[in-house]
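Chemist: Below you'll find the structure I mean.
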Ligand code: 8OZ
């Protein structure tokens, strides 16, 4: 029987166990540059089979919150190099989550103070976090986006390609494409945010076109075995909406089956919320999604996430419903989560007031077992 503590070879990744640290936004990178604190934080958690970084902007246009990191400027790449060196020195593996927020942004965070970009000029019912001119922070409604011209899309694909190259330069073991939670790629996928009438809107095939082009470009640049992807078929996060997620995500995973990827990462239910959250008329069938992927020839490791505890995670791996399980908040408060799960030791509680922003408190000071 497979356990969470068995090693796994997944694409080009050789992982010590089946436990991943989920991507977690922490807003501790002023000017979008990861710091020594970032390096210490990830190194503390290096016993995870795989660390997935917090979402990291592939371009200035892809930035949507204050103090989130980027992967497009030399000083950002140098900052990430400190992180990957620290993680590797501690024996861990780390991939970077590649992020373009699309319409989940604010003019004050965009190049030249311009409008955020989106598949269509539809404002999300969502908030983002900005730093005011006086230095205080606040949650504000996202700005009205402008629709991307079809002629701009190759440039966005190119930004992903360049960021994937930068990820390798920064020493990452691979990348995870953020195609979840209502950000740019997900905005293209879903009919609630994509009203385009060109080759990138309308049919499911068209709405998935940007995702496929991004994956193609990254795979060509760094290899499929170092490329993973995260999807969230039913999440309502950031105003993501589609009445028919089942055929949409069936098509998505059939496309993903074209490459021998590192992994496919699926958020089950509402991100950070109810696992049985539903869009459309029927409960989403995650087993059917995995079967559709396998049926199409997909062989990459299947990573699941959202509200897993020790028991549920162990069962998912034992019963073959998943190869890897990603834990989020439990990894914030338990740097040695793998050991605690192995020993069935109690977990530290997390303090949600220190999730976003700040410095060491709630970042570096959660204790490991003696
Ligand atoms: C929480 C706060 C800000 C961003 C996501 C990148 O939901 C995020 C995020 C989460 O994927």
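Numbering (this note's numbering), first residue to last: 11 to 380. Think of the CB as a built atom: it goes at the ideal place given N, C-alpha and C, for glycine as much as any other residue.
Please give the ranges of any beta strand (DSSP E) in the segment 297-355, keeping only runs that are unbroken, at least 3 residues long and fully inside the region.
Modeler: Runs of the beta strand (DSSP E) inside the segment 297-355: 311-315, 334-337.
Chemist: Whole angstroms is fine: what's the gap from residue 287's alpha carbon to residue 366's?
Modeler: Looking at the two C-alpha atoms, the distance is approximately 25 Å.
Chemist: Using the DSSP secondary-structure output, state which residues sit across from residue 187 in a beta bridge.
Modeler: According to DSSP, which records beta bridges pairwise, residue 187 is partnered with 108, 239.
Chemist: Within 10 Å of its beta-carbon, does residue 89 have 16 or more other beta-carbons around it, so buried, or fewer, so exposed?
Modeler: It counts as buried.
Chemist: Can at least three beta-carbon pairs, one atom from the segment 174-190 and one from the segment 218-230, be found at a separation below 8 Å?
Modeler: They touch, by the three-pair rule.
Chemist: To the nearest angstrom, how far is it from the Cα of residue 31 to the Cα of residue 337?
Modeler: Cα to Cα, the separation comes out at about 5 Å.
Chemist: Under 8 Å, with one C-beta from each stretch per pair, do the segment 202-222 and the segment 135-145 reach the 3-pair mark?
Modeler: Judged by Cβ distances under 8 Å, the segment 202-222 makes no contact with the segment 135-145, as fewer than three pairs qualify.
Chemist: For residue 158, does the three-state DSSP call read helix, strand or coil?
Modeler: Looking at residue 158 - three-state DSSP - the assignment turns out to be coil, as it is neither helix nor strand.
Chemist: Between the alpha carbons of residue 93 and residue 61, how many angstroms are there, rounded?
Modeler: Cα-Cα distance, rounded: 11 Å.
Chemist: Once DSSP output is grouped into helix, strand and coil, what is the label at residue 151?
Modeler: Residue 151 falls in the strand class under three-state DSSP.
Chemist: Taking only the alpha-carbon atoms, compute the straight-line gap between residue 234 and residue 80 and give it to the nearest angstrom.
Modeler: Going from the Cα of residue 234 to the Cα of residue 80 covers about 22 Å.
Chemist: Which whole-angstrom value is the C-beta distance of residue 125 and residue 154, which I expect to be below 8 Å?
Modeler: Contact flag correct, Cβ pair sits at about 6 Å.
Chemist: Would DSSP call residue 78 helix, strand or coil?
Modeler: Correct three-state label for residue 78: coil.
Chemist: Taking all protein chains shown into account, do 16 or more other C-beta atoms lie within 10 angstroms of the C-beta of residue 113, making it buried, or fewer, making it exposed?
Modeler: Residue 113 is buried by the Cβ-count criterion.
Chemist: On the three-state DSSP scale, how would you describe residue 64?
Modeler: Of the three classes helix, strand and coil, the one that applies to residue 64 here is strand, per DSSP.
Chemist: Just how far apart, CA to CA, sit residue 221 and residue 180?
Modeler: C-alpha separation (whole angstroms): 24 Å.
Chemist: Cutting at 7 Å between CB atoms, please list the residues of its own chain near residue 302, excluding the five before and the five after it.
Modeler: Within the same chain, residue 302 has close Cβ partners 260, 263, 264.
Chemist: Within its chain, find whatever has a CB closer than 6 Å to the CB of residue 387; leave out the 5 residues flanking it on each side and keep chain order.
Modeler: Absent from the structure is residue 387, since the part of the chain shown begins at 11 and ends at 380.
Chemist: Say yes only if the C-beta of residue 152 is nearer than 7 Å to one or more non-hydrogen atoms of the ligand 8OZ, and no if none qualify.
Modeler: Outside the cutoff, so no.
Chemist: If you reduce the DSSP assignment to three classes, tell me which class residue 25 lands in.
Modeler: Residue 25: strand per DSSP, three-state reduction.
Chemist: So does the segment 14-31 actually touch the segment 265-280, counting three or more Cβ pairs closer than 8 Å?
Modeler: A contact exists between the segment 14-31 and the segment 265-280.
Chemist: I'd like to check one pair, residue 47 with residue 374: are the Cβ atoms closer than 8 Å?
Modeler: Contact flag set, yes.
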